[in-house]
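In this note's numbering, the protein residues as written are 41 to 896.
For glycine and all other residues, C-beta sits at the position ideal for the given N, C-alpha and C.
Shown next, in structure tokens, is the structure this report addresses.
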Amino acid sequence: MAPTDTVAAHGPEGGYDPQAVQAKWQERWAAADPFRAGGADDTRPRKYVLAMFPYPSGDLHMGHAENYLYSDIVARSWRHRGYNVLNPIGWDSFGLPAENAAIKRGADPREWTYANIDQQKAGFRSYGVSFDWNRVLHTSDPEYYQWNQWLFQRLFERGLAYRKESPVNWCPVDQTVLANEQVVDGHCERCGAEVIKKKLTQWYFRITDYADRLLDDLNQLEGFWPHKVIQMQRNWIGRSVGADIDFEIEGRAEKVTVFSTRPDTLYGATFMVVAPDSDLAAELASGSTPEVRMRFQDYLETVQKQTEIERQNTDRPKTGVFLDRYAINPINGERLPIWAADYVLADYGHGAVMAVPAHDQRDLDFAREFGLPIRVVVDTTAPATGAIPVIAEDGPLSEDADDIESIDPAKTGVALTGEGRLINSGSLDGLSKRNAITRITEELEAAGTGRASKSYRLRDWLISRQRFWGTPIPMVHTEDGRIVPVPEDELPVRLPDAHGLDLAPKGTSPLGAASEWMATTDPETGAAALRDPDTMDTFVDSSWYFLRFLSPGNDSVAFDPTEAQRWAPVDFYIGGVEHAILHLLYARFITKVLFDMGLVDFTEPFSSLINQGMVILGGTKMSKSKGNLVLFHEELATHGADALRVALAFAGPVEDDKDWADVSTTGAQKFLSRAWRIAQDVTSEPDVVWAEGDVALRRVTHRLWAEAPGLIEQTKFNVVVARLMELVNAIRKTIDTGAGPADPAVREAAEAVAMILDLFAPHTAEEMWEALGYEPFVGLVGWRQADPTLLVEDTVTAVVQIDGKVRGTLEVSAKIDGADLEALARADERVVRSLAGREITRAIVRAPKVVSFSTN
RNA sequence: GCCGGUGUGGCGGAAUGGCAGACGCGACCGACUCAAAAUCGGUUGCCCGAAAGGGCGUGUGGGUUCGACUCCCACCACCGGCACCA
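Shown next, in the form of structure tokens:
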């Protein structure tokens, strides 16, 4: 141990010097590596703590300070409570910003990325985060991304990775495709440009195969994940239950299937609509008259010129063209005209719908626009005017014919979507909506023209990107047009040197221009072949990184299933709500795939999830462009790591946004130096007998021991800090005006402060622990149990209420019985005065806390 | 439009159905100081009152209860997600 250590921790006048304390302990932690997770021989129960890993965009910011503080608090608390804790860190280091920075500076994205990583690593060290530094990963290392390629090939084998040509979201600025999840309000999530649709052949992961499991398994997470996130995922997956119905098409051999959530309204179908950008529309048009073909072509072009924003505007009038083709309603043989209209989406359901204008608002708007017939088949006045508000059994139709007249959708323009009874529907007449759905589905199934079916809002995950800085897709395009995996022993397919490559976005991957890199051989024939020039969405990287932390440096497998069994799933996961859909949905998907492969024994990756709020400034998000950044390294320099950590932890509930204007680093600093001074003031030796100490102070200490673990589990970190402040205040009082600094209770309490303060202010806590005469590290010390005898008070304050208002308080024994308490209450001077002669008609006694009198 | 969440002092926020406002920030008063800063002590929900004391108070209106920030119903405001998804 360096001889200057103890001296260095004191300021010029012997006061508390946070910077010196900080430097001293960081050095010792770096040397001793105390937060390394225990290995296979460690018999303690395990806990896996994880904060969503950072993107190396520059120096750490206040959002990081908050995020990794919270996970560190939990990790430290679990260590104190006897767990073998894994608290790893890595970097999500592939992605566009590095590439864009590289283009701007004409540099290699690698240099930018790894320089930023180094800066962030140093930042975490100086923030006192108790990471296990032996497991660091960077997704841009070939040692990591080779396992992305391995994963891709496993998905390919299972038919879960495939290529298709389809209209895709295209960002005209970043010049790359985007996943559905990366389009926010019609704009590119990254750069904000308006997204357009483009028809391209791309790689997809078949996440829709897992839609039901992704939806149903959310039930398991209820209570452990934020309700909001669960709900958002449910909406995103968007399962609709209904039926597929097959329609014959005149002049076409194959039937067209439509999906409907309201098969009960089949008798009300008066036309059919197909998505203009679907193959079906093109085919139907081409089989029609030249005039129709021309009008359709014009319409299609207009539609394709629209941005997503324009298309999503539901207020605009319905447009479409008649294709002069007809479908046959399978239930009654009616001839339905077929239209192409852009309110029908090509990639939902089957890209075609049966239009029931009386009972669907969009169909109604369209029918009224183009003068198509409207037929009511559900009498919605039946439940509304009848005696039974909700129909459980089938019953008679509405008697009142005027009612249905007054709500005629053709006149009101309002579709009838509510409950009701079927009319004009043959065998369905008189049935309730629900019963009619069941009946018609059975009838269609019997006739072979339909079946129960589900549809999802969720689309397959588009994972290929036309950019350089990502994982190369490990596939080979052969001369004869086959697409085959790169042999596993040739993985990883490494990125080429970026020097000499034009990385500027141009709509195709820059890798395509690296001709030497592109040239490869057909693994089967040895003939010349080409690599796939695209790279993977970086969300592939982050969909399984939590497993790689379990097998760092393992070069034979992505992760060791035994280690996964030991540590995973993650016990505590924390990150911003911006990943509520993207990352969390993808990670859940990949986990289920790995489960199906038998590589993990769980189906959900994150057992509990917390979304921390944002750090904002003056009510708005901080951003470089607004110039309202509070800089992490400046705050560290002026207030020190501990003050910053305490101030953030104390600022409010974890989930709430924290306005930096309300975060008091100076208050935190004041508290820390008060805490530190208490450790200096203790004059007793470590072997004192606590039981001989001041009982009042001991009660405060033990109440905290009793409360702290539960409060941490509930992530009420701000309350724990408040309790610590109370304890420090109580110790101060005992030292100055009570039992004095030599009292054993003062030592007992000061030690408690050091052990619990370690969660928030680890440097100060270590310094206190040392001052109290112990060896480092307080961060590894087991917490004490509360003494139950110190948790029960001798006397309590009982409250006397009269007609619900507090009219008196009584100091009574905690063991007082109800009758005695009531007698005391009745005799109390203030109570008697408040009663003013009124008679007590009822007394409720909850000894020893409450007496409640009612009067008349 | 559909789904979800949140409303508590000047501010951040506490509160198993049992004294609302813990803890802190800010403010005010005082001690120390030539003075200031730092530090320490005190006061601080609003209204009436010299005080004792009283009245009112957790978005609004109802309800359940001896007792409601907490539970139920309706409404208002704000925030978030989805949105021509058949």
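Can the beta-carbon of residue i be found closer than 9 Å to that of residue j?
i       : j       : result
Gly-593 : Glu-725 : no
Ala-309 : Ala-201 : no
Gln-344 : Lys-237 : yes
Ala-708 : Asp-682 : yes
Arg-628 : Leu-254 : yes
Ala-70  : Arg-198 : no
Arg-203 : Tyr-250 : no
Pro-645 : Ala-608 : yes
Gly-819 : Pro-128 : no
Arg-534 : Asn-220 : no
Val-786 : Phe-690 : no
Arg-408 : Gly-453 : yes
Gly-389 : Phe-299 : yes
Gln-506 : Ser-467 : no
Thr-741 : Leu-830 : yes
Ala-736 : Thr-774 : yes
Val-223 : Glu-348 : yes
Gly-653 : Gly-692 : yes
Val-871 : Gly-844 : no
Could you tell me which of the options sits nearest to residue i, measuring between CA atoms?
i       : options                               : result
Pro-545 : Thr-354, Pro-212, Leu-744 and Glu-519 : Pro-212
Ala-794 : Asp-776, Val-821 and Pro-784          : Val-821
Ile-414 : Ala-392, Leu-376, Leu-864 and Asp-387 : Leu-376
His-517 : Pro-609, Gly-552 and Asp-500          : Gly-552
Leu-684 : Val-694, Leu-712 and Met-662          : Leu-712
Asp-572 : Thr-565, Phe-817, Asp-319 and Glu-556 : Glu-556
Ile-378 : Ser-665, Val-361 and Leu-385          : Val-361
Ser-894 : Ala-887, Glu-879, Ser-549 and Arg-886 : Glu-879
Asp-284 : Ala-736, Tyr-108, Ile-477 and Thr-420 : Ile-477
Phe-287 : Asn-275, Asp-798, Asp-256 and Ala-392 : Ala-392
Leu-109 : Asp-99, Trp-152 and Phe-171           : Phe-171
Pro-303 : Ala-492, Leu-404, Arg-292 and Asn-124 : Ala-492
Leu-744 : Trp-118, Glu-766 and Thr-723          : Glu-766
Arg-246 : Pro-828, Leu-195, Leu-751 and Gly-146 : Leu-195
Asp-903 : Asp-734, Lys-666, Ile-650 and Ser-704 : The displayed coordinates of the chain run from 41 to 896. Any statement about residue 903 would go beyond what the structure contains.
Tyr-383 : Val-417, Val-313, Tyr-366 and Leu-324 : Val-313
Gly-547 : Gln-186, Trp-210 and Trp-190          : Trp-210
Ser-853 : Ala-867, Val-846 and Val-832          : Val-832
Gly-373 : Leu-306, Leu-625 and Gly-680          : Leu-306
Since residue i and residue j are thought to touch, with beta carbons under 8 Å apart, how far apart are those beta carbons, to the nearest angstrom?
i       : j       : result
Val-891 : Ala-838 : 7 Å
Tyr-585 : Gly-79  : Their Cβ separation, rounded to whole angstroms, is 21 Å, which puts Tyr-585 and Gly-79 out of contact at 8 Å.
Ser-280 : Lys-494 : 7 Å
Met-576 : Gly-510 : 5 Å
Val-89  : Phe-800 : Not a contact, Cβ separation roughly 16 Å.
Ile-714 : Val-768 : Checking the sequence, you will find Arg at residue 714 rather than Ile. Contact flag correct, Cβ pair sits at about 6 Å.
Gln-352 : Gly-226 : 6 Å
Asp-721 : Pro-784 : Contact flag wrong, Cβ pair sits at about 14 Å.
Thr-153 : Pro-207 : Rounded, the Cβ-Cβ distance is 33 Å, inconsistent with contact.
Lys-148 : Ala-746 : The sequence shown places Asp at residue 148, rather than the Lys named in the question. About 56 Å separates the two Cβ atoms, so there is no contact after all.
Ile-884 : Ile-113 : Not confirmed; about 42 Å, so no contact.
Glu-290 : Tyr-366 : 5 Å
Can you name the residues that DSSP bridges to residue i?
i       : result
Ala-559 : Leu-570
Val-885 : Val-891
Cys-211 : Thr-216
Leu-385 : Its beta-bridge partners do not exist; DSSP assigns none.
Ile-523 : His-517
Asn-124 : Arg-86
Ile-650 : Ile-614
His-623 : Looking at the DSSP assignment, His-623 forms no beta bridge with any residue, so it has no partner.
Ser-493 : Gly-282
Trp-131 : His-178
Val-223 : Cys-228
Met-394 : Met-312
Ignoring anything shorter than 4 residues or poking outside the stretch 273–335, list the alpha helix (DSSP H) runs there in chain order. 319–326
Quick check on the DSSP output: what are the complete alpha helix (DSSP H) runs of length 4 or more inside the stretch 821–869, in order along the chain? 858–867
Please list the segments of the beta strand (DSSP E) lying wholly inside the stretch 446–500, counting only runs of 3 or more residues, in order along the chain. 490–496
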